[in-house]
Each structure stands twice: as C-alpha cells, then as structure tokens.
Ligand code: NI
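In the numbering used here, the protein residues as written are 1 to 248.
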C-alpha cells in the first residue's frame, strides 16, 4: 500500500525512523515551503520507501522568493522526487492574497508542464478557481489531495482525468458528502492518503496520524464501494504507481 500524501517532518515527529519503519509499504512526503522541501530531499535520500513531492502551499505564498522556485527547479529531476506539491488555492482565511495565490499556483503548474511532472493540489473553499486553473493545463496530471467538495464538482474533475486523494475524513461520522463522492467516482480515480500528522482516521481521530493508518482508509472505501479491502489496496496502489510514475 502507498500513502500518497503525508508530512513526516521533524517539527511533528520525535522519531521519524520509527514512523517510516512502521509503514508496510511506501509513502510520498509532501513539502509545503523552502524548509520542508529541503527536508523532503533529505528523507527520500535516506529511506528507500519514501518518495517526495516539493512545492509551495497556498498558505505559504507570502514567503516565496526566487530561492523558493530555485529549490524546486534544482531538485525536480531527482529520481525520487515524483511531482510538484503541495500547491493550490486556499481561501479559508480570506482572499487578500488571491492574486498572489493564483500567480504561484500557475508558476508551479508551469514547472509541472515543463518537466512533465504530476501535481498534488490543496484546494480549500476555492474549488471553482482551482477547476478553472487546472483546465488551463490539460497536459498536467492532477491529484486533488484531501478532496472535500461536492459530487457535482467531482464529476467534472473525473472528466478531466483528475485523481482524488481520500484520507481519514472518510471515516468521520459527518463525512456524508465525501462518502457520496467515493461511492460514485471510479476506484481507478482514487488515491489513498493520510495527510499525517493531521486527520487521523477513526478510531484514532484527534491523535497524531501516521502512514500505516492508510489501511483504515482502504477498509472504509471497501465498505462504501462493497469491494474486498485487498482489491481496494491493489487497485489504489496501481493508481499511485501510474499517477506518480513510481519505479515499483
Ligand atoms: Ni497536506
């Protein structure tokens, strides 16, 4: 199994080695800013089962410098850096910096297009703008990490060939809308993720998350789609290998 999105960084974990070893499979660690992007490079070099994506998260756009772009471009062809992320739009705390967010999002998508890399997208309270910008880049493969929008929008994203990162939220009692989405979209469009250290699935909600909990998400998806969990794990692993061109 593959956790396609987690943040296994020293600011969250005392013992990263333990967290990595606990995972019976692979993980893709996602950078958010200069500091964590460099940490991703470090982690992928150190651990066989860790791959990485590097990018600038929308909440971090105010801190972007030329150096930020340089770090990404210099490492984008690293054999274990498998995409650009996380990137995107987040209007949750206001839209004062909306132009800057869109500008950096497009800069990241330009890099993805230039280097033929998939992207990992963070979109919160900004789904329409996210959709409009993604459509400008038909050649870039997108993973909508922690998808949280409507079924109606999900259908539009399926038409664009986007993947949906499904994490611990699917196990929450109030996840009705997301359960609907998971039931309706093809299993071929689903990627498993934990977003560790956040969003621990039930029964660990509220505790620090770790990539091995991705199994609980597979179980929940199997229940929703009336499939065997082994089948969910097999297909979503194939999806991740295909999406990120993993050499597995
Ligand atoms: Ni994340």
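Backbone N, C-alpha and C define an ideal beta-carbon position, used for all residues, glycine too.
Asked: Where residue 99 sits in the DSSP three-state scheme; Found: helix
Asked: Paired residues, beta bridge with residue 165 - DSSP; Found: 191
Asked: Segments of 4+ residues assigned as alpha helix (DSSP H) that fall wholly inside the region 170-239; Found: 176-184 and 214-225
Asked: 3-residue-minimum beta strand (DSSP E) runs that sit fully inside the region 26-74, ordered along the chain; Found: 26-30 and 50-54
Asked: Residue closest to residue 32, alpha-carbon to alpha-carbon, out of 84, 246, 203 and 171; Found: 84
Asked: Residue 8, DSSP secondary structure in three states; Found: coil
Asked: Neighbour-count burial assignment, residue 26, 16 or more Cβ in a 10 Å radius; Found: buried
Asked: beta-carbon residue 11 near ligand 1 non-hydrogen atom, thresh 7 Å; Found: no
Asked: Per DSSP, the bridge partner or partners of residue 124; Found: 90
Asked: Nearest-angstrom Cα separation, counted from residue 147 out to residue 162; Found: 11 Å
Asked: Buried versus exposed call for residue 254 [16 or more other C-beta atoms within 10 Å across all chains shown]; Found: This structure leaves residue 254 out entirely; the chain is present only between 1 and 248.
Asked: Cβ contact (3+ pairs, closer than 8 Å) linking the region 29-44 and the region 54-72; Found: yes
Asked: Proximal residues to residue 218 (C-beta, below 8 Å), its chain only, five neighbours per side dropped; Found: 1, 192, 229, 232, 233 and 236
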